[in-house]
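Here's the structure we're looking at; comments come further down.
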C-alpha cells in the first residue's frame with residue numbers, strides 16, 4: 006500500500022502504530038503529507054507558514070515509542086506559538102515572531118506529532 010493511501014486510510018493512532026511497528030517511517034509519512042499539502046496549496050490556500058525543513062528534521066529523530074510518533078499534522082495559526090515561526094492569527098497586520106513555543110505546541114511535540122505547516126484561519130478567529 007502506498008504511503009499516500011496510508012495517510013488517507015489511517016487515523017493518527019493508526020499512523021503512530023505503523024511507525025512504532027516499523028511498517029512505515031515518520032520520514033515517509035512527513036514527505037507524503039508535505040507533497041499533499043503542496044499539491045493542494047494553490048487550490049485551498051490552507052497553509053499560513055510551511056514548516057517543511059523542521060518537519061523533515063524532526064521526522065528523522067522522533068522517538069517511535071511516543072503515543073503519536075511520526076504523525077504529520079497542521080497547527081492552526083491562531084493563538085498557538087511555535088518558536089521562530091511567524092504567527093498571523095488570520096490577520097493582515099504584520100505577523101509576530103514567537104520567541105518560545107506555547108504550552109500546547111510543546112505538548113504536541115512531546116506526543117511525537119510532526120507539524121508540517123501552520124494552517125490559515127479567519128481574521129482573529131471570529132469569522
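In my numbering, the protein residues as written are 6 to 132. Yeah, the Cβ is synthetic: ideal placement off N, Cα and C, and Gly gets one too. Source: prediction; values computed, not measured.
Whole angstroms is fine: what's the gap from residue 79's alpha carbon to residue 126's?
As a working mapping, residue 79 is identified with position 74 in the chain shown. As a working mapping, residue 126 is identified with position 121 in the chain shown. Each residue's Cα considered, the two are about 12 Å apart.
Mind reading off the beta-carbon distance from residue 103 to residue 90? Whole number of angstroms is fine, and I expect it under 8 Å.
The residue you call residue 103 lines up with position 98 of the chain shown. The residue you call residue 90 lines up with position 85 of the chain shown. Their Cβ separation, rounded to whole angstroms, is 6 Å, which keeps residue 103 and residue 90 in contact under 8 Å.
Can you give me the Cβ contacts of residue 42 inside the same chain, cut-off strictly under 7 Å, excluding the 5 residues immediately before and after it?
Position 37 of the chain shown holds residue 42. If we look at residue 42 and ignore the five residues flanking it on each side, its Cβ neighbours are 52, 121 and 122.
Distance between residue 39 and residue 47 (C-alpha atoms, nearest Å):
Position 42 of the chain shown, counted from the start, is the residue given in the question as residue 47. Position 34 of the chain shown, counted from the start, is the residue given in the question as residue 39. Those two C-alpha atoms are separated by around 14 Å.
Can you give the Cα-Cα distance for residue 49 and residue 124, rounded to whole angstroms?
Here residue 49 corresponds to residue number 44 of the chain shown, with the count starting at 1. Here residue 124 corresponds to residue number 119 of the chain shown, with the count starting at 1. Straight-line Cα distance between these residues: approximately 11 Å.
In the DSSP assignment, find the unbroken alpha helix (DSSP H) run with residue 110 in it and report its ends.
In the chain shown, residue 110 corresponds to position 105, counting from 1. Unbroken alpha helix (DSSP H) run through residue 110: 108-115.
For residue 98, is the classification buried or exposed, using 16 other Cβ atoms within 10 angstroms of its Cβ as the cut-off for buried?
As a working mapping, residue 98 is identified with position 93 in the chain shown. By the 10 Å Cβ count, residue 98 comes out exposed.
Can you tell me where the alpha helix (DSSP H) holding residue 37 begins and where it ends?
Here residue 37 corresponds to residue number 32 of the chain shown, with the count starting at 1. Residues 31-49.
Over the uninterrupted beta strand (DSSP E) stretch that includes residue 53, give me the two end residues.
Numbered from 1 along the chain shown, position 48 holds the residue referred to as residue 53. Counting along the chain, the beta strand (DSSP E) containing residue 53 begins and ends at 52-55.
Nearest to residue 101 by alpha carbon, out of 71, 113, 86 and 108?
Along the chain shown, one-based indexing puts residue 101 at 96. Checked all of 71, 113, 86 and 108; the closest Cα to residue 101 is 86.
Close beta carbons around residue 68, own chain, < 8 Å, minus the five adjacent residues each side:
Within the chain shown, the letter at position 63 stands for residue 68. Result list for residue 68: 74 and 117, in chain order.
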